[in-house]
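Single-structure report; data block below.
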Amino acid sequence: LLPGSCPTESMQIILTLACIKMKMSPAQAISAATINAAHAINRGDTIGSLEVGKRADVIILDVPNHKYIPYHFGVNLVQTVIKKGKIVI
1 LLPGSCPTES MQIILTLACI KMKMSPAQAI SAATINAAHA INRGDTIGSL EVGKRADVII
61 LDVPNHKYIP YHFGVNLVQT VIKKGKIVI
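Written as structure tokens, this is what we have:
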């Protein structure tokens, strides 16, 4: 999936498409959407993973584990949103 090539804003659907169409595992799809995407735009040193010194933009999902995410794309799984280290939702 290329930036700008998909009209959806739902990352859950994007992860589902990656698993189904690209034959990625849920872990591979999540890595592609986070750390690999950050490196693709030359920002892997500041975003894309949870590390000291990186920008803390995080979502907390109401799921038992990461494997659940791509298989329930029709349900909003977001429980908490953290932007720049502050809880916003």
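Heads up: the sequence shown begins at 1 in the numbering used here, then just goes up one per residue. Cβ coordinates follow ideal geometry from the N, Cα and C atoms, glycine included. Since the model is a prediction, treat every value here as computed from it, not as a measurement.
Counted within 10 angstroms of its Cβ, other Cβ atoms place residue i as buried (16 or more) or exposed
{"i": "Ile30", "result": "buried"}
{"i": "Leu50", "result": "exposed"}
{"i": "Ala18", "result": "buried"}
Sub-9 Å separation of residue i and residue j beta-carbons
{"i": "Thr46", "j": "Ala38", "result": "yes"}
{"i": "Ala27", "j": "Lys67", "result": "yes"}
Close Cβ partners of residue i (< 8 Å) along its chain, the five nearest in sequence each way excluded
{"i": "Thr8", "result": "Ile14"}
Separation of residue j from residue i, as counted between CA atoms
{"i": "Lys95", "j": "Val78", "result": "An answer regarding residue 95 cannot be provided, because it is not within the stretch 1 to 89 covered by the chain."}
{"i": "Val75", "j": "Asn65", "result": "15 Å"}
{"i": "Met24", "j": "Arg43", "result": "23 Å"}
{"i": "Val52", "j": "Ala40", "result": "21 Å"}
Residues near residue i by beta carbon distance below 6 Å, same chain, minus five either side
{"i": "Val81", "result": "Ile59, Val88, Ile89"}
{"i": "Asp62", "result": "Leu77, Gln79"}
{"i": "Thr16", "result": "Pro70, Phe73"}
{"i": "Gly85", "result": "Ala56"}
{"i": "Gly48", "result": "Thr34, Ile35, Ala38"}
{"i": "Lys83", "result": "Asp57"}
Contact set for residue i: own chain, Cβ-Cβ below 7 Å, skip 5 residues either direction
{"i": "Met11", "result": "Ala33"}
Distance cut-off 8 Å: residue i Cβ against heavy atoms of the ligand SAM
{"i": "Ile47", "result": "As presented, the structure is devoid of all ligands, the ligand SAM included, so that no description of it is given."}
Residue i - partner residues in DSSP beta bridges
{"i": "Leu61", "result": "Val78"}
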